[in-house]
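Worksheet for the structure shown next.
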Amino acid sequence: MRLYRIRYSTNVERVALALAHKRLAVESIWVEAADRSEVVRVSGQELVPVLEVGDTVVCDSLAILSWLEQHWPEPPLYPPDRARRAELELFLDWFDRVWKRPPNELEAELQRPRLDQARIAALTGQLARALDRFEQLLDGRDYLFGDGFSAADCAAFPFLKYAAMRESDDDELFHRILHQRQPLGDGHPRLEAWIRRVDERPRV
Ligand SMILES: N[C@@H](CCC(=O)N[C@@H](CS)C(=O)NCC(=O)O)C(=O)O
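Numbers given in the working numbering equal positions in the sequence shown, counted from 1, plus 858.
So this is what it looks like as structure tokens:
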């Protein structure tokens, strides 16, 4: 099993957490952000993560989490009953399609030659307010979808962790946005504890 990855990739970290949870051994193929030729050769597209298992190649972090669950169900990352699983999948969908929009749009906005300060302030407000929702999801439980670690934690942690931490040589604009514009303050003690809890988990 091979995982194609670039340093500090949020979407790769989702998979790294899932593989370690399932205690799967993997060979890491580190690629440079500036040279994706190996990723393109294996998968026909440029983005990481890519998981290669024998003749099977799976792209996209959430598709990889789902594929891993199908092939290595234990220990699980999704709830066993169908209704709860559908709820978790709604969360994953919301996270990628709705939650990610403000930081993605901020990244684009901050690179424009003339900054639209009103739009930047509006997007920053949306990103900051989303922290309240995670705080509520953690009310009375240790993980986003219950008492056990799940695909929801794998998916959200690599992005939300920036509210509490950033490595000094990780200077990507997207990561700086997540670090500077997600103020934990005193109002998100459960979220802060969850970030520390998930950060202690193993990754491949
Ligand atoms: N939907 C994809 C997105 C993958 C993605 O955007 N990966 C980033 C790294 S986190 C990437 O390869 N970006 C291209 C680049 O940095 O040039 C997933 O969830 O895996």
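Note that the Cβ used here is the ideal one computed from N, Cα and C, for glycine as well.
Quick caveat, the model's predicted, so the values are computed rather than measured.
Cβ-heavy atom distance, residue i to ligand 1, below 8 Å
| i | result |
| --- | --- |
| L875 | no |
| T868 | yes |
| D954 | yes |
| A891 | yes |
| D918 | yes |
| P961 | no |
| I887 | no |
| P907 | yes |
| E904 | yes |
| R872 | yes |
| R1055 | no |
| I864 | yes |
| R899 | no |
| R881 | no |
| R1034 | no |
| R1024 | no |
| R894 | yes |
Residue nearest to residue i in terms of C-alpha spacing, selected from the options
| i | options | result |
| --- | --- | --- |
| R1054 | L1031, V1062, Y1020, G1045 | Y1020 |
| E927 | A878, W957, A1014, R1039 | A878 |
| I1035 | E993, G998, V916, G983 | G983 |
| E1077 | S901, W957, W930, I978 | Any property of residue 1077 remains undetermined from this structure, which presents the chain solely from 859 to 1062. |
| E965 | L985, S901, E896, F992 | L985 |
| R959 | L1049, L981, S919 | L981 |
| D918 | I887, V873, V911, L946 | V873 |
| E890 | R899, E904, G998, I864 | I864 |
| E885 | F1007, Q903, V911 | V911 |
| T914 | L1042, G1006, R860 | R860 |
| A1013 | L1002, L1049, V898 | L1002 |
| D1000 | P931, L909, E1050 | E1050 |
| A988 | S1008, Q975, V956 | V956 |
| E1058 | D1028, F1007, D1044, E1030 | F1007 |
Sheet register partners of residue i (DSSP bridge)
| i | result |
| --- | --- |
| R863 | W888 |
| Y1020 | DSSP lists no partner for Y1020. |
| G1004 | Y1001 |
Cβ of residue i within 9 Å of any chain C Cβ
| i | result |
| --- | --- |
| W957 | You won't find chain C in this structure, because it holds only one protein chain. |
Nearest-angstrom Cβ-Cβ length linking residue i and residue j, presumed shorter than 8 Å
| i | j | result |
| --- | --- | --- |
| I922 | P907 | 6 Å |
| R1024 | H1033 | 6 Å |
Problem - Residue ranges of each beta strand (DSSP E) within the stretch 878–963, 3 or longer - result: 885–888, 908–911, 914–917
Problem - Runs of alpha helix (DSSP H) wholly within the stretch 974–1000 (minimum 4 residues, chain order) - result: 975–995
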